Amino acid sequence: MAATAAAAGVEFPLIGVAVATLIVTVLVAAVMRRRRRPWHQAPLVEGKPAPEAGCAVSDGGTDVIIVGAGVAGSALAYTLGKDGRRVHVIERDLTEPDRIVGELLQPGGYLKLIELGLQDCVEEIDAQRVLGYALFKDGRNTKLAYPLEKFHSDVAGRSFHNGRFIQRMRQKAASLPNVQLEQGTVTSLLEENGTVKGVQYKTKSGEELKAYAPLTIVCDGCFSNLRRALCSPKVDVPSCFVGLVLENCQLPHPNHGHVILANPSPILFYPISSTEVRCLVDVPGQKVPSIATGEMANYLKTVVAPQIPPEIYDSFIAAIDKGSIRTMPNRSMPAAPHPTPGALLMGDAFNMRHPLTGGGMTVALSDIVVLRNLLKPLRNLHDASSLCKYLESFYTLRKPVASTINTLAGALYKVFSASPDQARNEMRQACFDYLSLGGVFSNGPIALLSGLNPRPLSLVAHFFAVAIYGVGRLMLPLPSPKRMWIGARLISGACGIILPIIKAEGVRQMFFPATVPAYYRAAPTGEKA
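Using UniProt numbering, you'd call the opening residue of the sequence shown number 1 and step up by one each time.
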């Protein structure tokens with residue numbers, strides 16, 4: 001009897017241990033599932049619309065949906081994820097992109113990369129340090145160094161393969177447990193009573209899904225099919241880039257971008273790896289010579305090649321003969337948002353400028369810093385109306401950096417392009433000579449271009465200083481009625497270049513942001529952490 005009791009005494013603890021082990025195993029499995037946050041068909045939380053027939057719905061435990069995982073989307077996903085937000089990124093194609101733009105990050109953009117903790121994304125991709133620009137015109141050239149004396153020795157521009165950079169940022173974002181990258185095509189925003197509740201998208205396998213979050217941020221690039229619901233897009237296409245890669249080519253000035261003031265418009269060269277140099281030939285207008293018929297190769301050899309510095313002429317011809325010629329339209333679009341509860345636009349879907357100055361990534365990263373700082377104090381994002389009103393300040397706070405880079409890009413493209421108008425050509429020559437003076441005359445403009453000193457007033461001061469310098473050149477040694485008339489037209493032409501761009505950017509927001517009420521908008525009460 002005693003033996004039986006003893007056996008029972010041993011058996012019951014063993015059963016208890018087994019049961020306890022089973023319960024702990026189930027709980028651990030549940031926690032791990034929750035941490036991985038699988039996006040499966042699930043019932044919606046109260047207050048969300050019922051799914052349509054044949055359309056699954058993803059889990060509702062998301063703070064932010066990001067549409068697009070390019071430079072802006074990937075950097076934003078990592079930034080918000082690092083702040084503890086649960087982020088769902090939906091990208092049309094997660095394979096490595098292959099583009100001919102988005103390959104040069106200005107020093108100002110690199111500083112923003114450091115601020116976001118993403119500076120290691122330019123490592124291990126054979127990125128090249130860029131220390132300034134070399135400007136070429138009519139056989140003369142001048143070197144313009146970035147004013148980096150006050151910064152750490154690591155601070156400089158970076159040039160690289162765009163796809164490699166994006167893949168590094170995607171990997172960095174995906175390394176966070178609260179960030180999920182999914183391949184899918186977003187077909188529409190889900191709206192209810194004027195508030196965006198989430199997105200409808202098609203997965204890689206073709207399944208229709210809906211995803212919900214209190215905030216949806218659209219970063220789906222220059223070809224965005226969602227921007228019309230969130231802004232008034234006025235897209236201008238002033239020119240196209242023709243892209244080539246020169247192999248084993250030594251540029252005249254190592255670690256510098258090269259800008260050729262050619263006819264009819266500028267040509268760019270910059271390294272994208274230790275063995276490759278990107279060449280971008282600007283072709284004005286929306287129509288370019290045909291690649292298929294050989295018309296493009298003939299144009300590059302007969303019109304462009306004679307204007308190329310002799311040191312890289314042979315490499316340029318070899319690149320044409322290799323046949324890997326690509327084109328891309330250059331788009332410009334001022335930011336004209338419709339503040340919409342539950343949604344926000346960012347990146348090229350929101351604002352574009354001519355890529356001549358390589359400022360797009362700097363603007364996008366600067367915008368992310370602004371948005372990160374605005375969202376940081378908020379505990380949750382569920383009051384869509386209050387959040388929308390609060391985030392109106394984003395459009396004002398971003399202006400000093402964005403409008404300076406946007407305006408400079410548009411103005412420089414017009415100044416650097418050849419023209420049959422003598423006054424415009426005088427402005428072009430004046431700009432080259434002004435920058436060749438060195439000192440404050442080159443440091444000021446290059447600090448603006450690099451994003452190191454994005455001040456609108458400084459931009460306007462230097463722009464009109466160039467125009468006045470051009471007039472002064474015309475008046476020497478002696479003014480004549482003809483020269484005075486050209487000078488007057490030069491000043492008028494300068495105004496005609498820069499003032500419409502400033503008007504599109506918004507005079508008040510650009511120069512006097514502190515007078516805009518949204519500048520002082522406070523975080524919604526009850527939403528603060």
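In this text, a Cβ means the ideal position worked out from N, Cα and C, and glycines have one as well. Every value quoted in this text rests on a predicted model; they were computed, and no experiment measured them.
Distance from the CA of Ala518 to the CA of Pro339, rounded to the nearest whole angstrom, comes to 12 Å. For Tyr469, no beta strand (DSSP E) segment is defined; the enclosing uninterrupted segment is the alpha helix (DSSP H) at Pro456 to Met475. Secondary structure of Gln106 (DSSP, three-state): coil. In the DSSP secondary-structure assignment, Ile66 is bridged to Val89 and Ile217.
Per DSSP, reduced to three states, the secondary structure at Pro289 is coil, with no helix or strand assignment. Three or more beta-carbon pairs separated by less than 8 Å are not found between the region 102 to 116 and the region 324 to 343, which leaves the two stretches without contact. The beta carbon of Leu176 lies closer than 6 Å to those of Gly81 in the same chain, with the five residues before and after it left out. Close CB contacts of Gln509 within its chain, under the 8 Å cut and outside five residues either way in sequence, are with Tyr395, Thr396, Lys399, Ser403 and Val516 (chain order).
Taking C-beta separations shorter than 6 Å and ignoring five residues to either side along the sequence, the partners of Arg85 in its chain run Asp63 and Val64, following chain order. Counting C-beta atoms within 10 angstroms of its own C-beta, Cys231 has 16 or more neighbours from the protein chains shown and is therefore classed as buried. Residue nearest to Ser393 within the set Leu408, Tyr413 and Arg372 is Arg372 (criterion: CA-CA distance).
Between Ile267 and Cys249, the CB-CB gap reaches or exceeds 8 Å. Residue pairing by DSSP places Asp282 opposite Phe241 in a beta bridge.
Annotation for Gly194: Thr340 and Pro341 place their beta carbon closer than 8 Å to its own, counting only its chain and skipping 5 residues before and after. The continuous alpha helix (DSSP H) containing Met169 extends over residues Asn162 to Ala174. Look at Ile325 here: in three-state DSSP terms it is coil, with no helix or strand label. For Ile260, the three-state secondary structure derived from DSSP is strand.
In terms of Cβ geometry, Met346 and Ile217 form a close pair [threshold 8 Å].
In the three-state reduction of the DSSP assignment, Asp98 falls in the coil class, being assigned neither a helical nor a strand state. Only residues of its own chain outside the window of five on either side were considered, and among them Leu246, Cys279, Ala305 and Ile308 have a CB closer than 7 Å to the CB of Phe316, listed in chain order. In this structure, Ala349 lies near Gly221, with their beta-carbon atoms less than 8 Å apart. Between Pro264 and Ser417, the C-beta spacing is below 8 Å.
In this structure, the beta-carbon distance from Gly157 to Val130 falls below 8 Å.
For Gly157, the enclosing beta strand (DSSP E) stretches over residues Gly157 to Ser159. Excluding the 5 residues flanking it on each side, Pro97 has same chain C-beta neighbours closer than 7 Å at Asn162, Gly163 and Ile166, in chain order. The way I'd put it, the region 66 to 75 does touch the region 352 to 366; three or more beta-carbon pairs between them come closer than 8 Å.
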